[in-house]
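Beneath this line is the structure, given in structure tokens, with notes to follow.
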Amino acid sequence: HACPARGGSGCGGGRAGGETRRPRDDTEAGGDFKQTNDPLEPTNRVFYAVNNGLDTVILRPAAQAYRFVVPGPVRTGIHNMLSNLSTPVQLSNDVMEGKPVRAGDTTMRFLINSTVGLVGIFDVATGWGYPNHDNDFGLTLANWGVPDGPFLFLPVLGPTNPRDATGFGVDIVQDPFTWIGHTTALTALNWTRFGLNALDTRERYLDPVDQIKKTALDPYAHFRSLYRQPQNGRAHP
């Protein structure tokens, strides 16, 4: 990370006039460690470099082409449809969290958007008082009191932690499109959905990610900070 100057000191560990910089006390060091919670940082940075290389060569150019070729309203419709397809997973987590009102709203949202919204292309439900909300098994575990654990940067998956990585795997298993039948059409649908999800997500973050990589002294630390910020409030009230 970039070392902030304190009282005119630089990252070299000394001050002007030969004065020795005051060493960090245990409380300060412990606070920094707790905040970053990244004991596997050397390995995580290797995986970040691998992912960054793949993103630079493959995913970012694909997302740029997607933005250039597909008009904005069409991209919005695709995003809405992908969100609608993920509603069954949201619903199952609402139920497991013991939140019947939210589960009812999720059910209504799915029924409205799947019919009036033409399989979810149009988000009619939000205008009718049923807005979308984030939910996954990682959040369910958080509601059950499971701690997030240390920061991880995994190949392909990117920034995460043990709780959310586990939740990601469980959400794949409980997604009905994963286990209902194994026809060629369904397999093609799942792979198409996977590819569109990757393109949709990367296109929506093109500008902020480019800005971070351009301006941050340590992009890895910046992405880690951004990922960990919401973790304190991931459990729904």
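Start counting the sequence shown at 167; every next residue gets the next number (the numbering used here). Ideal Cβ positions, reconstructed from N, Cα and C, are used throughout, including at glycine. Here the structure is a predicted model, which is why all the values come from computation and not from measurement.
As a quick exercise: from ASP330, ASN301, PHE334, pick the residue whose alpha carbon is nearest that of ASP314.
ASP330
DSSP beta-bridge partners of PHE319
PRO325
Work out the CA separation of LEU206 and PRO328 for me, nearest whole Å.
12 Å
Have a look at MET262 and ARG268 and give me their C-alpha separation to the nearest angstrom.
11 Å
Check the Cβ-Cβ distances between THR367 and every residue of chain D, and say whether any is below 8 Å.
Of the protein chains in the structure, only one exists, and it is not chain D.
For ASN217, which residues from the same chain have a beta carbon less than 8 Å from its beta carbon, with the 5 sequence-adjacent residues on both sides left out?
PHE319, PRO321, VAL322, GLY324
Can you tell me where the alpha helix (DSSP H) with THR404 in it begins and where it stops?
Because residue 404 is not part of the residues shown, which for the chain are 167 to 403, the question remains open.
Determine the contact status of ARG390 and ASP204, defining contact as a CB-CB distance below 8 Å.
yes
With a threshold of 16 other CB atoms inside 10 Å of the CB of TYR214, please say whether the residue is buried or exposed.
buried
Cα separation between ARG394 and ILE278?
34 Å
To the nearest angstrom, how far is it from the Cα of VAL255 to the Cα of ASN301?
8 Å
Nearest by alpha-carbon distance to PHE317: which of LEU248, ILE346, LEU392, LEU225 is it?
LEU392
Kindly list the residues whose CB is nearer than 7 Å to the CB of PRO342, restricted to its own chain and excluding five residues on each side of it in sequence; keep chain order.
PRO254
So for ALA269, helix, strand or coil by DSSP?
helix
Given ALA291, which residues of its chain have a CB within under 6 Å of its CB, disregarding the five upstream and five downstream residues?
ARG275, ILE278, ASN279
Among ASN298, GLY333, TYR386, which one has its Cα closest to the Cα of ASN309?
GLY333
Given a cut-off of 8 Å on the beta-carbon distance, is the pair ALA229 and LEU355 in contact?
no
So, is LEU251 buried or exposed, given that buried needs 16 or more other C-beta atoms within 10 angstroms?
buried
Beta-carbon within less than 6 Å of GLY304's beta-carbon, same chain only, minus the 5 sequence neighbours each way: which residues are those?
ARG329, ASP330, GLY333
Leaving out the 5 sequence neighbours to the left and right, which residues in its chain are closer than 7 Å to ALA168 when beta-carbon positions are compared?
Only weak support is given to the placement of ALA168: the predicted model assigns it a pLDDT of 38, under 50, and the value that follows is read from those uncertain coordinates. Taken in chain order, the residues that qualify are LEU383, ASP384.
Cα-Cα separation, ASN282 to THR273
Rather than Asn, the amino acid found at residue 282 in this sequence is Val. The alpha-carbon atoms of VAL282 and THR273 are separated by roughly 14 Å.
Could you give the distance in angstroms between the alpha-carbon of LEU307 and the alpha-carbon of PRO239?
35 Å
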